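What follows is one structure encoded as structure tokens, with my remarks underneath.
Residue numbers (the UniProt record's numbering): 1 to 499.
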């Protein structure tokens, strides 16, 4: 395969990657995470002369880390193209290039030994930090430890890497919270809160968590109570400072620390929007995890989507996963060894808007072509969903039709000792998904990056396409993404049923 300057940048380089296995587990509400599995595959495929990929994996020991890499990364269908290229030599190629490390970004030195971390630091050219817990309703202590304190440990390690040329940090476009208008690619300053007149003290937040956990543990050893308390605390603190959920608050705090601690480092921050299945590379429609927009398709397929808040002019910001990885690799190449921080919104809405009306039409087109059937083979009619154009009407309907019955079920569940816990938790998750809304972002730096990429004469534009303008949304949704989302959801149900 002919390679361009982007691929050449990775020749004979050693790369340290966190997040390649999803790190803390796959979350069903995950709409933002970049699964760095795609990046591992891409680097190995376009640049087989890469020197080494160190993959930080949450595991008990080296053997368990290697097992996770082989099953959760290399064993996936995503690697079929690479597997075919190398044939019988595939496993020896992987063993030579990929080195799993049993560690965790939550710990100083990632929990690795001092001599090991010093040895690795001497080799590293590139760090890609994709480790994150992406559950919107995550425990505050867990989200802080990974999304916020994890950045401190990354920076400490980066400063030991004498040959470091790029530290690429994967954040989220949704760190902007619920701000309206054009959201610019600008960094967060330490202490900056979205709520006017408030100051965010990260150290104070960490101390708050420790105090509350300490008090809980003196009174009770109930782990479930601690979990519930930490989840509620995260949402409370997020809303206090102006963010909608724990995930984006802790990711914003991570960016603040990177801005403060990484001033002398060559830092690139990538903020993707809602990541969807691959557009074309290495094959169309590879997906892992159910994103928020996918919940609409899956719920309709399962006949559990009774209504939706719908304004056809509202823009959803989706971006295929391979385009995110291509943009990340292009950014590494362009911002190589620059002692400055640059931010890229890897999004689509500013260049190729996707209105909600087109998502709805594409869904009905897909199910018209692929009618659902009952267990006895009868075709299910492709009905329109009950639509509300005003959020107030939608909320009122959801409260009367679903929320009140759910709360009644919850009360009965308490009285009957948890008899309905499983059904209640499943239904309340569905209710919360329906109440989620979308955002809109600027992408000036991304357009500049694409211009630089297309000016290169080395085939980079085709091999590393991240131009959202080339996406025919209707064709992509009907022929690639919706079937991929439905297939993934069905596979997960089958696994759960066989467990």
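Every residue, glycine too, gets a C-beta built ideally from N, C-alpha and C.
This one's a predicted model, so the numbers in the text were calculated from it and none came from an experiment.
Of all the options the options, which has the alpha carbon lying nearest to the alpha carbon of residue i?
| i | options | result |
| --- | --- | --- |
| residue 241 | 205, 109 and 116 | 205 |
| residue 489 | 125, 176 and 277 | 277 |
| residue 265 | 358, 192, 273 and 159 | 159 |
| residue 587 | 342, 61 and 365 | Since the first and last residues shown for the chain are 1 and 499, residue 587 lies out of range. |
| residue 67 | 77, 99 and 43 | 99 |
| residue 469 | 446, 485, 481 and 200 | 446 |
| residue 299 | 279, 372, 287 and 175 | 372 |
| residue 126 | 294, 16, 85 and 493 | 16 |
| residue 51 | 89, 86, 84 and 97 | 97 |
| residue 171 | 225, 247, 214 and 107 | 247 |
| residue 69 | 37, 181 and 93 | 37 |
| residue 185 | 444, 84 and 129 | 444 |
| residue 81 | 102, 93, 107 and 41 | 41 |
| residue 256 | 116, 163, 190 and 476 | 190 |
| residue 227 | 77, 235 and 139 | 139 |
| residue 129 | 59, 154, 196 and 71 | 154 |
| residue 493 | 442, 476, 320 and 302 | 302 |
| residue 544 | 281, 497 and 132 | It is not possible to answer for residue 544, since the shown part of the chain is limited to 1 through 499. |
| residue 357 | 48, 350, 465 and 473 | 473 |
| residue 362 | 350, 352 and 477 | 477 |
| residue 9 | 481, 328 and 378 | 328 |
| residue 117 | 219, 156, 136 and 84 | 156 |
| residue 284 | 471, 367, 135 and 194 | 471 |
| residue 542 | 19, 136 and 331 | Summary: the structure shown does not reach residue 542, with the chain confined to residues 1 through 499, and so no result is reported for it. |
| residue 60 | 111, 345, 322 and 165 | 111 |
Once DSSP output is grouped into helix, strand and coil, what is the label at residue i?
| i | result |
| --- | --- |
| residue 99 | strand |
| residue 52 | strand |
| residue 316 | strand |
| residue 493 | helix |
| residue 9 | helix |
| residue 162 | coil |
| residue 117 | helix |
| residue 192 | strand |
| residue 74 | helix |
| residue 199 | strand |
| residue 141 | helix |
| residue 45 | helix |
| residue 482 | helix |
| residue 343 | strand |
| residue 423 | Unreliable positioning characterises residue 423 in this predicted model, as indicated by a pLDDT of 44, which lies under 50. The coordinate reading is nonetheless provided below. Helix at residue 423. |
| residue 29 | Bear in mind that the predicted position of residue 29 carries a pLDDT of just 30, short of 50, making it unreliable; the figure below should be weighed with that in mind. It is coil, neither helix nor strand. |
| residue 410 | Low confidence applies to residue 410: its pLDDT is 46, below 50, so where it sits in the model is not reliable, and the reading given next is rough at best. In this structure, residue 410 counts as helix in the three-state DSSP scheme. |
| residue 22 | In this prediction, residue 22 scores a pLDDT of 44, lower than 50, which makes its location untrustworthy; no coordinate-derived value is stated. |
List the endpoints of the continuous alpha helix (DSSP H) containing residue i.
| i | result |
| --- | --- |
| residue 106 | Segment: none, residue 106 is in no alpha helix (DSSP H) and carries neither H nor E. |
| residue 464 | No alpha helix (DSSP H) holds residue 464; DSSP gives it neither H nor E. |
| residue 146 | Residue 146 -> no alpha helix (DSSP H), and no H or E assigned at all. |
| residue 168 | First-last for residue 168: 166-170, but that is the beta strand (DSSP E), not the alpha helix (DSSP H). |
| residue 86 | 80-86 |
| residue 452 | 444-455 |
| residue 62 | 62-69 |
| residue 325 | 321-334 |
| residue 476 | 473-476 |
Since residue i is in the beta strand (DSSP E), which residue starts that stretch and which ends it?
| i | result |
| --- | --- |
| residue 271 | 267-272 |
| residue 129 | 126-129 |
| residue 16 | 14-18 |
When you compare the CB of residue i with every CB in chain D, is at least one pair closer than 7 Å?
| i | result |
| --- | --- |
| residue 466 | The chain labelled as chain D is not found in the depicted structure, where only one protein chain is given. |
On the premise that residue j lies in contact with residue i, defined as a C-beta separation below 8 Å, what is that separation, rounded to the nearest angstrom?
| i | j | result |
| --- | --- | --- |
| residue 177 | residue 244 | 6 Å |
| residue 148 | residue 73 | That pair is no contact at about 26 Å. |
| residue 173 | residue 347 | 6 Å |
| residue 5 | residue 326 | At roughly 14 Å, the Cβ-Cβ gap does not stay under 8 Å, so residue 5 and residue 326 are not in contact. |
| residue 316 | residue 275 | No, residue 316 and residue 275 are not in contact; Cβ-Cβ is about 12 Å, not under 8 Å. |
| residue 163 | residue 124 | 7 Å |
| residue 230 | residue 141 | 5 Å |
| residue 269 | residue 343 | 5 Å |
| residue 261 | residue 442 | Rounded, the Cβ-Cβ distance is 26 Å, inconsistent with contact. |
| residue 101 | residue 144 | Actually they are not in contact, since the Cβ atoms of residue 101 and residue 144 sit about 23 Å apart, beyond 8 Å. |
| residue 282 | residue 45 | 6 Å |
| residue 216 | residue 225 | 7 Å |
Are there any heavy atoms of the ligand SAM lying less than 6 Å away from the beta-carbon of residue i, as far as the coordinates show?
| i | result |
| --- | --- |
| residue 339 | For the structure depicted, the ligand SAM is absent and the ligand set is empty, with no information on it obtainable. |
Can you list the alpha helix (DSSP H) stretches of 4 or more residues lying completely in the segment 348-383, in chain order? List check, alpha helix (DSSP H) in window: 356-369.
Return the chain-ordered ranges of every alpha helix (DSSP H) run that is complete within the segment 275-304 and spans a minimum of 4 residues. Runs found: 292-301.
Curious, which full-length beta strand (DSSP E) runs of at least 3 residues does the segment 213-260 contain? List check, beta strand (DSSP E) in window: nothing returned.
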